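Chains as they are written, first to last, in the working numbering: chain W, 1 to 122; chain V, 1 to 472.
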Amino acid sequence: MGSLFANFSSGIVPLEAYIFVSLVMFFAGIYGFLSRKNLLMVLISIELILNSADINFAAFNRYLYPEHFEGFFFTLFTIAISACETAVAIAIVINIYRNLNNVEVDSLQELQEPELQDTKEQ
Amino acid sequence: MNYSAFLQLHDELSLLAVIVIILIYDIFASEKGARYIQPLSIVLLTVHTVLNAFPRADFEVAGGMYQYYPMLTYIKTILNAGTIILFLQADKWLRDDSVIIRRGEFYFLTLCTLLGLYLMMSAGHFLLFFIGIETASIPMATLVAFNKYNHKSAEAGAKFILSTVFASGISLYGISMIYGAAGTLYFDDLALLITNSPIYIMAMVFFAIGLFFKISLVPFHLWTPDVYEGAPTGITGYLSVVSKGSAVFVLFTIFTKVFANLTAEWQPILYGLIVISITLANIFAIRQKNIKRFMAYSSISQAGYLLLGVISASATGMSSLVYYILVYLFSNLAIFGVISVIEHRTGKVNINDYNGLYQTNPRLSAVMMFALFSLAGIPPFAGFFSKFFIFAAATEQGYYVLVFIALINTVISLYYYLLIVKAMFLNKSDQPVERITTDLPARISLVLCLIMIVFAGLLSSIYQQISALSFI
Chain W
1 MGSLFANFSS GIVPLEAYIF VSLVMFFAGI YGFLSRKNLL MVLISIELIL NSADINFAAF
61 NRYLYPEHFE GFFFTLFTIA ISACETAVAI AIVINIYRNL NNVEVDSLQE LQEPELQDTK
121 EQ
Chain V
1 MNYSAFLQLH DELSLLAVIV IILIYDIFAS EKGARYIQPL SIVLLTVHTV LNAFPRADFE
61 VAGGMYQYYP MLTYIKTILN AGTIILFLQA DKWLRDDSVI IRRGEFYFLT LCTLLGLYLM
121 MSAGHFLLFF IGIETASIPM ATLVAFNKYN HKSAEAGAKF ILSTVFASGI SLYGISMIYG
181 AAGTLYFDDL ALLITNSPIY IMAMVFFAIG LFFKISLVPF HLWTPDVYEG APTGITGYLS
241 VVSKGSAVFV LFTIFTKVFA NLTAEWQPIL YGLIVISITL ANIFAIRQKN IKRFMAYSSI
301 SQAGYLLLGV ISASATGMSS LVYYILVYLF SNLAIFGVIS VIEHRTGKVN INDYNGLYQT
361 NPRLSAVMMF ALFSLAGIPP FAGFFSKFFI FAAATEQGYY VLVFIALINT VISLYYYLLI
421 VKAMFLNKSD QPVERITTDL PARISLVLCL IMIVFAGLLS SIYQQISALS FI
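Here's what the structure looks like:
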């Protein structure tokens, strides 16, 4: 920890700081995915997970392997792919809205285990 | 830079040509010409399959980013056959009023997922692998939600895309850790660099979760029954064989190639996953009422059997795995073909609705029975031989207890497969499914499946051909 603060005070951001940020984003994304009740918030949580991996790639490339650009390229491709995923996911969420008139996770209950449906009817 | 090396990618280029032709035809065809898109895409895909069915010598493109070895030709041909059968079976459904305006998109999107699976299997670098797996799963989500006015289909699409993107996000984080530790993402370089230090083990587990989701093994299977029930029936069949089979094949190549030094670490993980997948899926399958949900649990337990080939990590494991995928593909598609014919004509999807099917539709129930026998592994159908080879491969590596557990589960699975056979042949019903005349394409697909179910096991040259090209 001592060297971390020394680096900060000298104006150089250490690699650990980037990994820490990406780790926080990653687990915040997982928490959000599991706990959010709105489909759009779930989608944003997934974006956090994908972006945390992008931060990792860029930071590793810049600090550890600056002679090649493999990590940066991977980041560029990942950004494009996650944009596609978001576009398709938004389209599907809009379709859900047209069908059910809301985008709550709890309203997606038509497909369930038979036992769960039985208890609901009672 | 010399671009002529890319001309060696025969499989991908010819599939891309098929995709582009179908897309352009779909855009510019007149209303009268649009009805020919169905035979056109089936014929084009068949030509593509025949042209690329012959193995070539090994080669690499782009410094090892794309790798070719002869086994890929076989597995790609098997996947092509599955897609052709899907096109034949989906033909009647795509003439419905609700989807007829979008039928061109169906062929386009399905072939795009196939292209993604090709790239995923040929990858020699994690970047191409990731692009491939996403090219396969993004159009797949739109296909699952294809019946867009149907609540169930929309809900299944949402569940599919959210869980698949979540899984690939975790997988991506694992790849970033591999990059941080090794500094490269080429499979050949990584094979030498990876040691059994904690970061590599953690990265491997994170990475593998993405594939486990696609294969739908038990802790990662929760999306499977819902999506299988809600998706259009043809797409359910496609998800359960083509997408799953290629994911298992990729798991085999990556685990034995890239993570070869971690074999002692991943074998116990797979051991546990196989035991819970087969057992839990069998127990859950018994109490299902909807036949598509039932087939979802059946496919989870079949995924466990497929993994027996991966855990062997030997040349026999690879050949038995590819053979199992071949047999499983035809058996499962035969069942989904019958389900989709009955669902399309009558709207009935519950197992109770199959009571007395034999009295009204003897041929459909016979096809269904043979396919179920093949899935359960009853000789002389091909399923028996595929199970035999995959158990032999696992036994060769000393997994006696695991094979014993799998054998017990085969007996349990026989029970619930026979429940459907009993419903069709023995149970009486006041209102059985009325007599159905199957349309010609679906009939061709069912005959094709039936021929393969009966003869793929008896013609030993098929297994010998596959076995001659296996390696580790």
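Every residue, glycine too, gets a C-beta built ideally from N, C-alpha and C. Quick caveat: nothing in here was measured; it's all calculated off a predicted structure.
Q. What residue ranges within the region 36-84 of chain V form continuous alpha helix (DSSP H) runs of no fewer than 4 residues, ordered along the chain?
A. Listed in chain order, they are 37-51.
Q) Count the other CB atoms within 10 Å of the CB of W/Ile-79; is the residue buried (16 or more) or exposed (fewer)? A) Sequence index remark: in the first sequence, residue 79 of chain W carries index 79 (1-based). Per the 10 Å Cβ criterion, exposed.
Q: Would you mind working out which of W/Phe-73, W/Gln-112, W/Ile-96 sits nearest W/Asn-61, comparing C-alpha positions?
A: By one-based count along the first sequence, residue 61 of chain W stands at place 61. The candidate whose alpha carbon is nearest that of W/Asn-61 is W/Phe-73.
Q. Buried or exposed: which applies to W/Glu-113, given that a residue is buried once 16 or more other Cβ atoms fall within 10 Å of its Cβ?
A. Taking the first sequence and counting its residues from 1, one reaches residue 113 of chain W at position 113. By the C-beta density criterion, W/Glu-113 is exposed, having fewer than 16 other C-beta atoms within 10 angstroms.
**Q.** Under 8 Å between C-beta atoms of V/Gly-234 and V/Ala-90
**A.** To locate residue 234 of chain V, count along the second sequence from 1; it is residue 234. To locate residue 90 of chain V, count along the second sequence from 1; it is residue 90. Cβ atoms of V/Gly-234 and V/Ala-90: closer than 8 Å.
**Q.** Contacts that W/Asn-102 makes with chain V (C-beta to C-beta distance below 7 Å)
**A.** Here the question's residue 102 of chain W lines up with position 102 in the first sequence. Annotation: W/Asn-102 has no Cβ neighbours in chain V at a cutoff of 7 Å; minimum Cβ distance is about 12 Å.
Q: Report yes or no: do the region 374-389 of chain V and the region 455-469 of chain V share at least 3 C-beta pairs separated by less than 8 Å?
A: The region 374-389 of chain V vs the region 455-469 of chain V: in contact.
Q. In its own chain, which residues sit with a C-beta less than 7 Å from the C-beta of V/Tyr-297, not counting the 5 before and 5 after it?
A. Here the question's residue 297 of chain V lines up with position 297 in the second sequence. Around V/Tyr-297: Pro-225, Ala-281, Phe-284, Ala-285, Gln-288.
Q. The alpha helix (DSSP H) spanning V/Trp-223 covers which residue range?
A. Looking up residue 223 of chain V in the second sequence gives position 223. Residues 223-230.
Q. Quick one: which chain W residues come within Cβ less than 8 Å of V/Leu-190?
A. On the second sequence, position 190 is the one that residue 190 of chain V refers to. The contacting residues do not exist; V/Leu-190 stays about 12 Å from chain W at best.
Q: Using a Cβ cut-off of 8 Å (strictly closer), state whether V/Asp-226 contacts chain W.
A: What you label residue 226 of chain V is simply residue 226 of the second sequence in a count that begins at 1. Yes - at least one Cβ of chain W is within 8 Å of the one on V/Asp-226.
Q. Given V/Phe-108, which residues of its chain have a CB within under 8 Å of its CB, disregarding the five upstream and five downstream residues?
A. Here residue 108 of chain V corresponds to residue number 108 of the second sequence, with the count starting at 1. Residues of the same chain with a CB within less than 8 Å of the CB of V/Phe-108, apart from the 5 flanking positions on each side, are Ile-19, Ile-22, Leu-23, Asp-26 in chain order.
Q: Could you tell me the boundaries of the alpha helix (DSSP H) in which V/Asp-189 lies?
A: Here residue 189 of chain V refers to the residue found at position 189 of the second sequence. That run of the alpha helix (DSSP H) goes 187-193.
Q: Residues of the region 130-152 of chain V with a CB closer than 7 Å to any CB of chain W: list them in chain order, please.
A: So the close ones are Ile-131, Glu-134, Ile-138, Ala-141, Thr-142, Ala-145, Lys-148, His-151, Lys-152.
Q) When the distance is taken between beta carbons, is V/Leu-307 closer than 8 Å to V/Leu-262? A) What you label residue 262 of chain V is simply residue 262 of the second sequence in a count that begins at 1. What you label residue 307 of chain V is simply residue 307 of the second sequence in a count that begins at 1. No.
Q) Between V/Ser-122 and the rest of its own chain, which residues show a CB-CB distance below 7 Å, the 5 nearest in sequence each way excluded? A) Numbered from 1 along the second sequence, position 122 holds the residue referred to as residue 122 of chain V. Closer than 7 Å at the Cβ level, and outside the excluded window around V/Ser-122, lie Tyr-66, Gln-67, Tyr-68, Leu-72.
Q: Consult DSSP for V/His-125 and reduce its assignment to one of helix, strand or coil.
A: Start at 1 with the first residue of the second sequence, and residue 125 of chain V comes out as number 125. Three-state DSSP puts V/His-125 in a strand.
Q.
Less than 8 Å between the C-beta atoms of V/Met-204 and V/Phe-129, yes or no?
A. As a working note, residue 204 of chain V is residue 204 in the second sequence. As a working note, residue 129 of chain V is residue 129 in the second sequence. No, they are not a contact pair.
(Q) So, for V/Ala-53: in the same chain, excluding its five sequence neighbours on each side, which residues have a beta-carbon less than 6 Å away from its beta-carbon? (A) By one-based count along the second sequence, residue 53 of chain V stands at place 53. Counting only Cβ-Cβ distances below 6 Å, and skipping sequence neighbours, we find Thr-77.
Q. Can you check whether the CB of V/Leu-9 is closer than 8 Å to the CB of V/Val-61?
A. Position 61 of the second sequence, counted from the start, is the residue given in the question as residue 61 of chain V. Position 9 of the second sequence, counted from the start, is the residue given in the question as residue 9 of chain V. Yes.
**Q.** Proximal residues of chain W, C-beta to C-beta of V/Leu-544 below 8 Å
**A.** Outside the shown range of chain V, which is 1 to 472, sits residue 544 of chain V, and nothing can be said about it.
Q) On the three-state DSSP scale, how would you describe V/Asn-2? A) As a working note, residue 2 of chain V is residue 2 in the second sequence. The three-state reading of DSSP puts V/Asn-2 in coil, since its state is none of H, G, I, E or B.
Q) Taking the C-alpha atoms as reference points, what is the distance between V/Leu-407 and V/Val-275? A) Numbered from 1 along the second sequence, position 407 holds the residue referred to as residue 407 of chain V. Numbered from 1 along the second sequence, position 275 holds the residue referred to as residue 275 of chain V. Cα to Cα, V/Leu-407 sits roughly 11 Å from V/Val-275.
Q) In the DSSP assignment, what residue or residues form a beta bridge with W/Asn-38? A) In the first sequence, residue 38 of chain W corresponds to position 38, counting from 1. W/Asn-38 pairs with W/Glu-104.
**Q.** Interfacial residues, the region 75-87 of chain V to chain W, with Cβ spacing under 9 Å
**A.** Going along the region 75-87 of chain V in chain order, one finds no residue with a Cβ nearer than 9 Å to chain W.
Q) Counting pairs of Cβ atoms below 8 Å between the region 356-364 of chain V and the region 421-434 of chain V, do you hit three or more? A) With the cut-off at 8 Å, the region 356-364 of chain V and the region 421-434 of chain V touch.
Q) Taking the C-alpha atoms as reference points, what is the distance between W/Val-93 and V/Val-349? A) For the purposes of this step, residue 93 of chain W is taken as the residue at position 93 of the first sequence. For the purposes of this step, residue 349 of chain V is taken as the residue at position 349 of the second sequence. Each residue's alpha carbon lies about 26 Å from the other.
Q. Would a check of beta-carbon distances place W/Asn-38 closer than 8 Å to chain V?
A. As a working mapping, residue 38 of chain W is identified with position 38 in the first sequence. No, its Cβ sits nowhere closer than 8 Å to a Cβ of chain V.
Q. Listing by chain order, which chain W residues have their CB less than 7 Å from the CB of V/Val-411?
A. Working through the second sequence from its first residue, we reach residue 411 of chain V at position 411. Close partners of V/Val-411 in chain W (Cβ separation under 7 Å) are lacking, with about 24 Å as the shortest Cβ gap.
Q) How many angstroms separate the CA atom of V/Val-99 from the CA atom of V/Trp-93? A) In the second sequence, residue 99 of chain V corresponds to position 99, counting from 1. In the second sequence, residue 93 of chain V corresponds to position 93, counting from 1. Pairing V/Val-99 with V/Trp-93, the inter-Cα distance amounts to about 8 Å.
Q) Taking 8 Å as the CB-CB cut-off, is V/Lys-159 touching chain W? A) Position 159 of the second sequence, counted from the start, is the residue given in the question as residue 159 of chain V. V/Lys-159 counts as touching chain W.
Q. Whose C-alpha, out of V/Pro-55, V/Gly-132, V/Glu-105, V/Ala-5, is nearest the C-alpha of V/Phe-146?
A. Taking the second sequence and counting its residues from 1, the one referred to as residue 146 of chain V is at position 146. When each option's Cα is compared against that of V/Phe-146, the closest is V/Glu-105.
Q. Cα separation between V/Arg-95 and W/Ile-46?
A. As a working mapping, residue 95 of chain V is identified with position 95 in the second sequence. As a working mapping, residue 46 of chain W is identified with position 46 in the first sequence. Rounded to whole angstroms, the separation of the alpha carbons of W/Ile-46 and V/Arg-95 is 37 Å.
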